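So the sequences go chain by chain: U and W.
Residue numbers for the first sequence follow this note's numbering, so the first one is 1 and each next one is one higher.
Residue numbers for the second sequence follow this note's numbering, so the first one is 1001 and each next one is one higher.
2 protein chains.
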Amino acid sequence: MESCMDRIKRDIENIAIITATPQKGSTRFSYSDEDRRAREYLFKEMEKLNLEIKVDGAGNIRAKYAHGNESLPSVILGSHIDTVANGGKFDGVTGVISALELIRVIKEKKVQLKRPLELIVFAEEEGSNFGITMLGSKILTGKFSLKDLKNIKTYDGITGYDVMSNFGLDVDSIGRDVLKRNDVAAMIELHVEQGGILDLEDTPIGIVKSIAGMRTYKISLKGVSNHAGTTPMYLRKDPMAGASEIISYLEEAAKEHALPTTVGTVGKILCKPNMPNVISGEVNFYVDIRDVDPQGIEKVADALLNKTNEVAKKRGLTSSVELIGESDSVKLSSKIIEAIESSAIEENYKYKIMNSGAVHDSAMLTNFTDVGMIFVPSIGGLSHCPEERTNYEDIKLGCDLLIHAVIKLANE
Amino acid sequence: MESCMDRIKRDIENIAIITATPQKGSTRFSYSDEDRRAREYLFKEMEKLNLEIKVDGAGNIRAKYAHGNESLPSVILGSHIDTVANGGKFDGVTGVISALELIRVIKEKKVQLKRPLELIVFAEEEGSNFGITMLGSKILTGKFSLKDLKNIKTYDGITGYDVMSNFGLDVDSIGRDVLKRNDVAAMIELHVEQGGILDLEDTPIGIVKSIAGMRTYKISLKGVSNHAGTTPMYLRKDPMAGASEIISYLEEAAKEHALPTTVGTVGKILCKPNMPNVISGEVNFYVDIRDVDPQGIEKVADALLNKTNEVAKKRGLTSSVELIGESDSVKLSSKIIEAIESSAIEENYKYKIMNSGAVHDSAMLTNFTDVGMIFVPSIGGLSHCPEERTNYEDIKLGCDLLIHAVIKLANE
Chain U
1 MESCMDRIKR DIENIAIITA TPQKGSTRFS YSDEDRRARE YLFKEMEKLN
51 LEIKVDGAGN IRAKYAHGNE SLPSVILGSH IDTVANGGKF DGVTGVISAL
101 ELIRVIKEKK VQLKRPLELI VFAEEEGSNF GITMLGSKIL TGKFSLKDLK
151 NIKTYDGITG YDVMSNFGLD VDSIGRDVLK RNDVAAMIEL HVEQGGILDL
201 EDTPIGIVKS IAGMRTYKIS LKGVSNHAGT TPMYLRKDPM AGASEIISYL
251 EEAAKEHALP TTVGTVGKIL CKPNMPNVIS GEVNFYVDIR DVDPQGIEKV
301 ADALLNKTNE VAKKRGLTSS VELIGESDSV KLSSKIIEAI ESSAIEENYK
351 YKIMNSGAVH DSAMLTNFTD VGMIFVPSIG GLSHCPEERT NYEDIKLGCD
401 LLIHAVIKLA NE
Chain W
1001 MESCMDRIKR DIENIAIITA TPQKGSTRFS YSDEDRRARE YLFKEMEKLN
1051 LEIKVDGAGN IRAKYAHGNE SLPSVILGSH IDTVANGGKF DGVTGVISAL
1101 ELIRVIKEKK VQLKRPLELI VFAEEEGSNF GITMLGSKIL TGKFSLKDLK
1151 NIKTYDGITG YDVMSNFGLD VDSIGRDVLK RNDVAAMIEL HVEQGGILDL
1201 EDTPIGIVKS IAGMRTYKIS LKGVSNHAGT TPMYLRKDPM AGASEIISYL
1251 EEAAKEHALP TTVGTVGKIL CKPNMPNVIS GEVNFYVDIR DVDPQGIEKV
1301 ADALLNKTNE VAKKRGLTSS VELIGESDSV KLSSKIIEAI ESSAIEENYK
1351 YKIMNSGAVH DSAMLTNFTD VGMIFVPSIG GLSHCPEERT NYEDIKLGCD
1401 LLIHAVIKLA NE
């Protein structure tokens, strides 16, 4: 008979092969063909457990294990199955599969629970389509409206509304169909750490106390496109030179003028017309700033906006700065932290109470209910890349703790 | 009856509408469907003049006006019809159409010439497919071999050999079919200036004395792709931050550590995976350095290579620098400069003897024969962009001078 670990491994590996970039990591954007195939896999597994499955207008999968207690608020479990481009196979999927395994174990062992469980597979967590992270959980919790959805676009210019409609979703139900505070008793998400602390300290379990807040800005610089050979240096209005100056300054600001916990990244840049022998006319780039302390974000964002104005003025460029995503840093529930910690102590698992540098869907539910997170180690701290790895032994330990904590919370 | 200017305008406008980017400038890459349609237009015009048309293995069109003197070396006229992405309608096309009009006028007026004329439409001048400029003229003059062609690739990974074969060319004839020194008596190219000097000085004609040399480098920086939220600043190996530092330095080096004539540009950058919330793993960018004085190029190139090594070492990145294109600065023929200048004086046209910051196909023929170039003004100095403009009155003046100079050279 398969062990829990065998089943977890089988599920994660089966989903990993559903990728648009075989041999080059997991590329499984929400609303893509790969997403559809991964969903079909999950639906089959959920049907084996007789879960009641519902898919909302944004593509969030809500699968309920009700066992006759439908009327009580649920304990929510969940994470996501979408990825960045050329990402890893553990980010998100590990939490979804651990939650699925939890329900299998509860059913097999006929564990009695007072409250229903609900496994939610959040759509579009990574922001790969529209540059907006946690879109599914934002929509589910009413933080992002149907109207907003009509105003966002993919890099190819297709609206959020159309992308979701084309995927066959009942997009117009968004807004009517949001999560209600009274339906939720608690939420726990298991996730890979995506940083190197647990691996470095040889600790299999992280219990998250705060999740970093983030802001994503899109900065656009427009200058004058011209021939690279015939325009003297002093006559140029070159947005690429301006972008370089700002990107270099962002690194300095995050390193030296903020807090030790602050990070700032430019991971995406688009240059037009993007030809070696043409001075570019327009450069757009995205700035991601994060910190568990809002002051760190504030400092770097202020410095960035000032620098952008200064650079544009000095170089005769037109600049625009658009805040395209924002989430506040949040403290997780001390009640859930204690529930997980006491289980870890009972089971004698080594653990660390820590912050999360990454934002997660769970953070969207903190104003609805008590929220907790369990981390398992990312080997070498690598994530969002094909080399992302977590030992299945560690996932098994994380899943054990999840089971213990959920049994407590669902019987309160 | 149509005037010369009417015919020139009609031809240029008819070719301008053959673009992959309607309303957004001319995008007509060599070996594309747009290229094929523009060629068909030219073939029809050439057939009306009974030119002997031959297309070589690289796609260079060679159209001869022989009038019974096939055995003597030809005076070559020509330029190109390919463009950068979202470029202008005058770059290249103006020279091709002026040469075509020249042959029309010579035939109509039954001007007697001792030597044959040859109109060459050079393929792939802009380097839009492979990042290598003047590929057609390099191949025609034996500077780029069949073997080299098998080693270059489009950004989509298709070899030069395959791109040309797929276009229906007899690529294997390359090398056997190069230009021979004894076949050529002289070459003149008319081209738009692509800089702002003639327009600023209200002068309709430039007579080129030197063409800038250039080098194009591809710089690749590899680091460690990771999650933008969970990796502290001090643990990053971020190639985008490294690229920004090098791009900023390139500008400083070209402005302050070289010559007043030196220019350096980064017009193309590619970031992988190019996601806002992922520290990039690899950034590739292209550096274009030009000067009429080889010392200027040397200084900036040396500084760039040193800086790249320093940045890679300091940041724990892997760097590679590849020289993907190079042409020496060249002095044009004083005999042809004098022929054009004396015609300008006879016609009482205002002119300026000047340098070319841009490299042109003509530069590839300077070790074969006497080469000259006529410039006409670019309004506002704009080129390689949809706003590129030249007054048709100025093109007409340039074409007049071309006719006068060619009549002299073809009767020597």
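Where a beta carbon is used, it is the ideal one built from N, C-alpha and C, also for glycine.
Quantities reported herein were computed from a predicted structural model and do not represent experimental measurements.
For residue i, which of helix, strand or coil comes out of DSSP?
{"i": "Lys1110 (chain W)", "result": "coil"}
{"i": "Val224 (chain U)", "result": "coil"}
{"i": "Tyr234 (chain U)", "result": "helix"}
{"i": "Gly1160 (chain W)", "result": "helix"}
{"i": "Ser342 (chain U)", "result": "helix"}
{"i": "Ala1303 (chain W)", "result": "helix"}
{"i": "Leu1146 (chain W)", "result": "helix"}
{"i": "Gly206 (chain U)", "result": "strand"}
{"i": "Glu1387 (chain W)", "result": "coil"}
{"i": "Ile1076 (chain W)", "result": "strand"}
{"i": "Ile174 (chain U)", "result": "coil"}
{"i": "Met5 (chain U)", "result": "helix"}
{"i": "Ala1186 (chain W)", "result": "strand"}
{"i": "Asp400 (chain U)", "result": "helix"}
{"i": "Asn355 (chain U)", "result": "strand"}
Roughly how many whole angstroms lie between the Cα atoms of residue i and residue j?
{"i": "Ile324 (chain U)", "j": "Leu259 (chain U)", "result": "23 Å"}
{"i": "Ser173 (chain U)", "j": "Met134 (chain U)", "result": "19 Å"}
{"i": "Ile431 (chain U)", "j": "Leu117 (chain U)", "result": "As shown, chain U starts at 1 and ends at 412. That puts residue 431 (chain U) outside it, with no answer to give."}
{"i": "Lys268 (chain U)", "j": "Gln1023 (chain W)", "result": "27 Å"}
{"i": "His384 (chain U)", "j": "Lys89 (chain U)", "result": "9 Å"}
{"i": "Asp1288 (chain W)", "j": "Gly1372 (chain W)", "result": "24 Å"}
{"i": "Thr154 (chain U)", "j": "Asn166 (chain U)", "result": "13 Å"}
{"i": "Leu1401 (chain W)", "j": "Met1214 (chain W)", "result": "28 Å"}
{"i": "Asp33 (chain U)", "j": "Val300 (chain U)", "result": "38 Å"}
{"i": "Leu1250 (chain W)", "j": "Glu1310 (chain W)", "result": "14 Å"}
{"i": "Glu1298 (chain W)", "j": "Ser1244 (chain W)", "result": "22 Å"}
{"i": "Thr265 (chain U)", "j": "Glu256 (chain U)", "result": "14 Å"}
{"i": "Ile337 (chain U)", "j": "Gly195 (chain U)", "result": "20 Å"}
{"i": "Glu1070 (chain W)", "j": "Ile1103 (chain W)", "result": "16 Å"}
{"i": "Ala405 (chain U)", "j": "Gln112 (chain U)", "result": "14 Å"}
Cβ closer than 7 Å: which chain U residues qualify as neighbours of residue i?
{"i": "Pro1273 (chain W)", "result": "Val84, Ala85 and Asn86"}
Which chain W residues are close to residue i, counting only those with a beta carbon under 7 Å from its beta carbon?
{"i": "Leu135 (chain U)", "result": "The premise fails here: Leu135 (chain U) is roughly 13 Å from chain W at the closest Cβ pair, so nothing lies under 7 Å."}
{"i": "Pro232 (chain U)", "result": "Val1263"}
{"i": "Met373 (chain U)", "result": "By Cβ distance, chain W contributes nothing, its closest Cβ being about 13 Å from Met373 (chain U), past 7 Å."}
{"i": "Leu382 (chain U)", "result": "Asn1226"}
{"i": "Gly131 (chain U)", "result": "Pro1276"}
Nearest to residue i by CA position, among the options, is which residue?
{"i": "Lys272 (chain U)", "options": "U:Leu221, U:Glu326, U:Arg290 and U:Ser342", "result": "U:Leu221"}
{"i": "Ser329 (chain U)", "options": "U:Thr261, U:Pro386 and U:Pro276", "result": "U:Thr261"}
{"i": "Ile1061 (chain W)", "options": "W:Asp1082, W:Ser1071 and W:Ile1207", "result": "W:Asp1082"}
{"i": "Met46 (chain U)", "options": "U:Ile297, U:Lys107 and U:Ser26", "result": "U:Lys107"}
{"i": "Leu235 (chain U)", "options": "U:Ala243, U:Glu70, U:Ile297 and U:Gly223", "result": "U:Gly223"}
{"i": "Ile53 (chain U)", "options": "U:Gly160, U:Tyr41 and U:Lys64", "result": "U:Lys64"}
{"i": "Ile1207 (chain W)", "options": "W:Lys1352, W:Ala1253, W:Lys1109 and W:Leu1304", "result": "W:Lys1352"}
{"i": "Ile1395 (chain W)", "options": "W:Ser1074, W:Val1376, W:Glu1013 and W:Leu1332", "result": "W:Val1376"}
{"i": "Ala99 (chain U)", "options": "U:Ser79, U:Lys114 and U:Arg115", "result": "U:Ser79"}
{"i": "Thr1203 (chain W)", "options": "W:Glu1193, W:Ile1211, W:Ser1210 and W:Asn1411", "result": "W:Glu1193"}
{"i": "Ile12 (chain U)", "options": "U:Thr390, U:Leu397 and U:Arg181", "result": "U:Thr390"}
{"i": "Met275 (chain U)", "options": "U:Asn50, U:Asn226 and U:Gly25", "result": "U:Asn226"}
{"i": "Gly157 (chain U)", "options": "U:Gly398, U:Phe130 and U:Asp302", "result": "U:Phe130"}
{"i": "Ile205 (chain U)", "options": "U:Lys9, U:Gly398, U:Asp6 and U:Asp148", "result": "U:Gly398"}
What does residue i touch in chain U if you count any residue whose Cβ is under 9 Å from its own?
{"i": "Met1214 (chain W)", "result": "Ala228, Gly229 and Asn277"}
{"i": "Met1046 (chain W)", "result": "Result: empty, since nearest Cβ-Cβ is about 29 Å, beyond 9 Å."}
{"i": "Ala1312 (chain W)", "result": "Within chain U, no residue comes near Ala1312 (chain W); the closest Cβ sits about 16 Å away, beyond 9 Å."}
At a CB-CB cut-off below 8 Å, which residues of chain W make contact with residue i?
{"i": "Met164 (chain U)", "result": "The premise fails here: Met164 (chain U) is roughly 20 Å from chain W at the closest Cβ pair, so nothing lies under 8 Å."}
{"i": "Ala58 (chain U)", "result": "Going along chain W, no residue has its Cβ under 8 Å from Ala58 (chain U), so there is no contact; the nearest lies around 19 Å."}
Against chain U, which members of the stretch 1277 to 1299 of chain W pass a CB distance test of less than 7 Å?
The residues in question are Asn1277, Val1278, Ile1279, Ser1280, Gly1281, Tyr1286, Asp1288 and Arg1290.
Where the stretch 1243 to 1268 of chain W meets chain U: residues whose CB sits under 7 Å from a CB there
Answer set for the stretch 1243 to 1268 of chain W: Ser1244, Glu1245, Ile1247, Ser1248, Glu1251, Ala1254, Lys1255, Val1263, Thr1265, Val1266, Gly1267 and Lys1268.
The stretch 384 to 406 of chain U: which residues have C-beta closer than 7 Å to a C-beta of chain W, in chain order?
The stretch 384 to 406 of chain U vs chain W, Cβ under 7 Å: His384 and Cys385.
What are the residues of the stretch 1353 to 1365 of chain W that lie near chain U, defined by any Cβ-Cβ distance shorter than 8 Å?
Residues passing the 8 Å Cβ filter: Ser1356, Gly1357, Ala1358 and Val1359.
In chain order, what residues of the stretch 115 to 129 of chain U put their CB closer than 8 Å to some CB of chain W?
Result list: Glu126, Gly127 and Ser128.
Output, in sequence order along the chain, the residues in the stretch 161 to 193 of chain U whose CB is closer than 8 Å to any CB in chain W.
Across the stretch 161 to 193 of chain U, CB contacts with chain W closer than 8 Å involve Glu193, in sequence order along the chain.
Can you pull out the residues from the stretch 1011 to 1023 of chain W whose beta carbon lies closer than 7 Å to at least one beta carbon of chain U?
Going along the stretch 1011 to 1023 of chain W in chain order, one finds no residue with a Cβ nearer than 7 Å to chain U.
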